[in-house]
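Here is the structure we will look at, set down as structure tokens.
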Amino acid sequence: MKKNYYTQLNNQFIYSLFYSSKKRKVNQFKHHHHTEIELGLILSGEGEYVLNGQTFCANEGDLFIVRSNEPHCIPVVTSNTLVAFNIQLSTFFLWNICSDYLPPQKILALINSDIEIYHKLHDTKLTHCIKNIAKLMESEEETAVFALRSEMLRVVMMICEKIEADEAIQIPSAARLNDIQASIDYIKRNYQKPISLFDMAKSAAMSPSYFSNTFKTISGMTPYHYLMTTRIEHALDSLKNSDKTVMSIALECGFPSLTSFNKAFKKFVGVVPSEFRK
409 MKKNYYTQLN NQFIYSLFYS SKKRKVNQFK HHHHTEIELG LILSGEGEYV
459 LNGQTFCANE GDLFIVRSNE PHCIPVVTSN TLVAFNIQLS TFFLWNICSD
509 YLPPQKILAL INSDIEIYHK LHDTKLTHCI KNIAKLMESE EETAVFALRS
559 EMLRVVMMIC EKIEADEAIQ IPSAARLNDI QASIDYIKRN YQKPISLFDM
609 AKSAAMSPSY FSNTFKTISG MTPYHYLMTT RIEHALDSLK NSDKTVMSIA
659 LECGFPSLTS FNKAFKKFVG VVPSEFRK
């Protein structure tokens with residue numbers, strides 16, 4: 409089960425932690441991507457990990473880095489089961505908490521898929537740190553949440569040490585970071601309604617063209633793609649965890665028709681909603 413964490417002062421989402429398990433399978437391609445940055449550590453088992461069109465061998469101790477808007481899946485599991493521990497980081501956590509300890513160019517490389525990085529790492533220190541995060545997640549001690557925040561920061565710092573960043577890349581100001589966060593909050597509150605680029609730009613007090621460029625730099629995807637990904641993420645959750653009809657899920661997630669929902673879902677996931685549910 410996914411466990412979400414938020415800041416104490418303003419209740420901003422910062423990261424999610426969860427285990428995932430997949431049984432033996434062959435060539436089951438169900439791609440997905442999300443608005444958060446995902447770190448997936450293989451705890452046991454073997455298989456294939458497809459990320460952004462590249463295929464990697466997935467074995468115990470391998471850590472995969474998936475950035476915003478990068479399609480990925482595990483289509484092949486050659487062992488009986490493959491178990492992973494997953495961390496999903498919000499851009500808020502990276503820009504507002506990690507930025508006090510890391511160069512902004514490295515944070516940008518961890519978010520923006522236009523910048524080349526190594527998607528697969530195998531590092532014993534990183535593995536130990538992430539396994540410690542898994543233990544802290546399961547702890548009921550009051551101090552665990554603070555220790556967890558420290559370990560999360562350490563993981564990001566260790567990953568960023570392995571990233572070569574171009575110092576010449578221009579980074580938006582802190583004021584613009586706050587404006588884009590306001591627009592992200594607006595999208596998450598209103599994804600079920602019709603939203604235009606003008607609406608999103610207005611929530612950030614920017615012109616549409618300037619907003620589009622700034623939003624992509626900070627979040628790793630265009631405003632429209634962020635909106636559609638948010639809708640599809642909620643649709644996936646409903647398809648997996650409810651008995652609602654595909655049509656009702658489509659309307660609840662902001663799609664005007666079943667046809668538009670099927671088209672967007674297949675583009676993002678690789679199959680139509682009815683096939684995903686099987």
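Here this note's numbering is used: position 130 in the sequence shown is 538, and no number is missing along the way.
Backbone N, C-alpha and C fix where the C-beta goes; we use that ideal spot for every residue, glycine too.
Report the CB separation of Ala658 from Phe676 in whole angstroms; it is logged as a contact under 8 Å. Not quite, the Cβ-Cβ distance comes to about 13 Å (not below 8 Å), so this is no contact.
In the DSSP assignment, find the beta strand (DSSP E) that holds Val474 and state where it starts and stops. 471-474
Rounded C-alpha distance that separates Asn621 from Ser604: 16 Å
Just the C-alpha distance for Ser476 and Ile525, rounded to the nearest angstrom, thanks. 13 Å
Since Ala583 is in the alpha helix (DSSP H), which residue starts that stretch and which ends it? 582-598
Spatial neighbours of Phe493 within its chain, please: CB distance less than 7 Å, with the 5 preceding and 5 following residues excluded, ordered by chain position. Tyr427, Leu449, Leu451, Ile538, Ala542
Please check the pair Thr535 and Ile519, which I expect to be a contact at CB under 8 Å, by giving their CB distance rounded to whole angstroms. At roughly 23 Å, the Cβ-Cβ gap does not stay under 8 Å, so Thr535 and Ile519 are not in contact.
Pick from Ile626, Asp522, Glu456: whose alpha carbon is nearest that of Val491? Glu456
Hey, Leu447 and Ile482: beta-carbon distance below 8 Å or not? no
Mind pulling the alpha helix (DSSP H) runs of 4 or more residues that sit fully within the region 618-663? 631-649, 654-660
DSSP state of Phe426 mapped onto helix, strand, coil: strand
From the DSSP output, in three-state form, read off Leu510 for me. coil
Residue nearest to Ile588 in terms of C-alpha spacing, selected from Cys661, Met614, Glu641: Met614
Short Cβ contact (8 Å threshold) for Gly678 with Phe437: yes
Looking at C-beta atoms only, is the number of pairs between the region 634-644 and the region 594-604 that lie closer than 8 Å three or more? yes
Can you give the beta carbon distance from Leu691 to Leu510, rounded, assuming they're within the 8 Å contact cut? For the chain, the structure presents residues 409 to 686; residue 691 sits outside this window and is missing.
Other residues of its chain near Tyr423: CB distance less than 7 Å, five sequence neighbours each side excluded: Tyr413, Ile495, Gln496, Leu497, Ser498, Phe501, Met560
If we call anything under 8 Å between Cβ atoms a contact, is Thr486 one with Glu454? yes
Where in the region 511-565 do unbroken runs of the alpha helix (DSSP H), each at least 4 residues long, occur, reported from the N-terminal end onward? 512-519, 532-546
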